[in-house]
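Quick note, the working numbering runs 1 ahead of the 1-based positions in the sequence shown.
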Amino acid sequence: MHLVPPQRLIGVWYYTTDTATPTFPFQAPRGFPPRGSFIFLSYFLTYRVPYSLPATVDDLCSVFGSLRCSSSRETYVYRVSSRSLHTRTSRTSTCFPFRQPFVAARPYTRVARPSGFRMPHSQVDLLKKSKVLVFGAGNFGSCLADHLADSQHDVFVWSRTKGIVDQLNATHRNPEFLKDHLFPENLKAVGPEFPSPELVQEVDVLLFAIPTEGVRSILTELKPSLNEDDLPLMIFVNKGIEIGTKALTLDIIVDSCGPKIAKAATFISGPSFAKEIVRRQPTSVSVCSLSEEAASRASQLFHQPWFRCYTGDDPIGVELAGAMKNVYAIASGMADGLGFENNTRAMLITRGLAEMTRIGTAYGASPLTFLSLAGVGDLFLTCSSSTSRNYTVGYRLGKGEKLDYIIETLGSVAEGVTTAKGLKELIDELEVTAPLATGVYEVLYEGKNVASRAQELLSLPSIRELDLPSEVGKPTQRLMARLGLDEKRRSGE
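Structural data, given as structure tokens:
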């Protein structure tokens with residue numbers, strides 16, 4: 002089918018229940034469906050979706066969304082523009098509610114909602130258009146690449162998988178992640194070879210959406226292509242602790258690229274499921290960096306009415322919170338798998354937050370960071386939704402499945418499994434009490450039974466509810482010394 006830029010009015014066609022062939026103001030594409038079905042032209046007009054012809058306009062709306070349409074059982078008139086799809090006849094237009102399928106076209110994911118609520122228009126400044134290179138074409142990398150491309154930035158997505166690269170370029174779909182989503186035309190895939198130095202130096206932003214265990218090798222390979230006198234904005238969205246070294250991503254950046262690059266690194270974290278971001282469900286995240294300028298630039302790059310960004314200066318706390326919440330999500334899933342209900346989940350989330358705050362404060366993070374979107378926000382979402390891969394791992398463990406089988410059949414990375422090992426090493430080093438995190442580690446790596454470990458936790462004596470460790474900040478102090486910064490972690494001093 003011919004591709005039409007979204008800025009143009011695409012046209013109209015008529016389909017009546019009595020006519021086998023619709024009438025187009027332009028030539029109909031080959032293979033147009035026979036009478037009894039119709040083509041839905043999407044926002045970018047890049048694919049065809051055959052459905053049975055609805056009997057009524059209400060049926061039509063139940064499939065495609067809150068369309069502005071009018072009642073006619075005989076004739077449907079569709080007009081596709083850059084903003085919306087309309088059906089019109091001579092009668093008065095009416096809006097109908099709908100249940101939006103995940104394959105709904107882009108205008109409805111951005112603008113229309115089942116309740117009739119209309120999302121504010123995107124805030125796009127074409128004078129600030131950027132070129133972005135995304136490392137990783139998984140769920141989160143793909144959804145953020147889609148978000149940036151939809152904001153009119155030029156986006157390149159790198160993947161080691163040739164099939165993903167080929168399909169993204171040929172069909173604008175990812176065959177492994179967010180399979181039903183149609184990606185914008187200004188999103189291009191590169192790979193499986195590592196991005197060339199020319200491409201790295203051409204882009205304005207490098208976005209890393211890869212598991213923490215792969216960050217060190219990627220940065221080591223990338224370092225020769227970076228010009229420290231003209232660095233792109235470097236944004237990291239991974240959530241984990243490196244096994245063996247107990248290193249956060251900021252430590253890995255210092256080791257691989259040096260302190261100058263680490264001081265400008267920016268971290269994004271918060272309650273954000275990929276499949277909801279691509280459907281333009283309102284989402285908010287924390288954007289933190291040691292550099293106030295870098296955090297502000299990253300926030301401006303991503304900020305939209307449906308993707309709100311809040312800046313901060315505690316990347317260490319944001320990293321720790323994003324990593325640790327995955328472990329507590331496994332605990333929450335285990336509890337649900339054992340048959341416990343809402344009271345138990347609320348208990349686990351609250352006590353998990355207390356443990357996260359103790360560990361983070363002992364490390365040197367601000368306790369307030371754990372009350373942020375990256376802290377309690379992400380913890381609440383991940384612990385209470387079956388969409389979470391980490392919750393799913395815990396739930397299946399609670400049901401008696403073996404960890405190896407769960408990982409083999411999960412289909413995507415659950416970073417909480419690997420983070421649990423690094424977190425246990427960190428807990429031992431900091432000498433912090435964290436029975437929930439320790440219990441998850443023992444189930445995952447020492448083969449303890451989920452039910453037996455839950456009984457042990459419930460048998461612990463009563464303690465003071467809220468406390469902070471007396472000795473705090475040594476790991477952060479060491480990191481700040483390597484960066485040449487004082488304990489305030491301010492880049493301007």
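A virtual CB, placed ideally from N, CA and C, is assigned to each residue, including glycine.
{"Asked": "C-alpha gap between residue 134 and residue 366, whole angstroms", "Found": "30 Å"}
{"Asked": "Contact test: residue 315 Cβ vs the ligand FAD heavy atom, cutoff 6 Å", "Found": "The ligand FAD is not part of the structure shown, which contains no ligands of any sort."}
{"Asked": "Same chain, Cβ closer than 6 Å to residue 166, neighbours up to 5 away in sequence not counted", "Found": "160, 190, 192"}
{"Asked": "Buried versus exposed call for residue 148 [16 or more other C-beta atoms within 10 Å across all chains shown]", "Found": "buried"}
{"Asked": "Beta-carbon gap between residue 244 and residue 361 smaller than 7 Å", "Found": "no"}
{"Asked": "Residues near residue 140 in its chain [Cβ-Cβ closer than 7 Å; skip 5 each side]", "Found": "178, 179, 275, 413"}
{"Asked": "Presumed contact (8 Å Cβ cut-off) between residue 391 and residue 417, rounded CB distance", "Found": "4 Å"}
{"Asked": "Exposure of residue 523, with buried meaning 16 or more beta-carbon neighbours within 10 Å", "Found": "Since the first residue shown for the chain is 2 and the last is 494, residue 523 is missing from the structure and cannot be characterised."}
{"Asked": "Spatial distance of residue 129 from residue 339 (CA atoms)", "Found": "51 Å"}
{"Asked": "Closest by C-alpha distance to residue 484, when choosing among 259, 247, 284", "Found": "259"}
{"Asked": "Residue of 186, 264, 228 minimising C-alpha distance to residue 172", "Found": "186"}
{"Asked": "Neighbourhood of residue 407 by C-beta distance below 6 Å, restricted to the same chain and skipping five residues each side", "Found": "394, 397"}
{"Asked": "Residue span of the beta strand (DSSP E) that contains residue 425, given as start and end", "Found": "Taken as a continuous stretch (DSSP letters only), residue 425 belongs to no beta strand (DSSP E), being part of the alpha helix (DSSP H) at 416 to 431."}
{"Asked": "Whether residue 331 touches residue 441 by CB criterion (7 Å)", "Found": "yes"}
{"Asked": "Backbone secondary structure at residue 305 - three-state DSSP", "Found": "strand"}
{"Asked": "Span separating the alpha-carbon of residue 368 from that of residue 444", "Found": "28 Å"}
{"Asked": "Residue 231, DSSP secondary structure in three states", "Found": "coil"}
{"Asked": "Under the three-state DSSP convention, the category residue 192 falls into", "Found": "coil"}
{"Asked": "Three-state secondary structure (DSSP) of residue 155", "Found": "strand"}
{"Asked": "Whole-Å CB distance - residue 236 paired with residue 144, under 8 Å assumed", "Found": "Not quite, the Cβ-Cβ distance comes to about 14 Å (not below 8 Å), so this is no contact."}
{"Asked": "Sub-7 Å separation of residue 288 and residue 300 beta-carbons", "Found": "yes"}
{"Asked": "Residue 247 and residue 427 closer than 7 Å at C-beta", "Found": "yes"}
{"Asked": "Pair within 7 Å by beta-carbon distance, residue 316 and residue 290", "Found": "yes"}
{"Asked": "Where the beta strand (DSSP E) through residue 290 begins and ends", "Found": "284 to 290"}
{"Asked": "Residue 250, buried or exposed, once every other Cβ within 10 Å from all chains shown has been counted against 16", "Found": "buried"}
{"Asked": "Simplified DSSP assignment, three categories, for residue 237", "Found": "strand"}
{"Asked": "Backbone CA spacing between residue 431 and residue 439 [nearest angstrom]", "Found": "13 Å"}
{"Asked": "Nearest-angstrom beta carbon gap, residue 238 and residue 188 [assumed within contact, 8 Å]", "Found": "Not really, about 17 Å apart at Cβ, beyond 8 Å."}
{"Asked": "Three-way DSSP call (helix, strand, coil) for residue 279 in this model", "Found": "coil"}
{"Asked": "Completely contained beta strand (DSSP E) runs for the segment 377 to 414, where each covers 3 or more residues", "Found": "none"}
{"Asked": "DSSP three-state assignment for residue 207, whether helix, strand or coil", "Found": "strand"}
{"Asked": "Boundaries (first-last residue) of the beta strand (DSSP E) holding residue 269", "Found": "267 to 270"}
{"Asked": "Boundaries of the beta strand (DSSP E) in which residue 134 is found, first to last residue", "Found": "132 to 136"}
{"Asked": "Beta-carbon spacing of residue 253, residue 216 below 7 Å", "Found": "yes"}
{"Asked": "Coarse secondary structure for residue 313, derived from DSSP in three states", "Found": "strand"}
{"Asked": "Local conformation of residue 482 per DSSP, three classes", "Found": "helix"}
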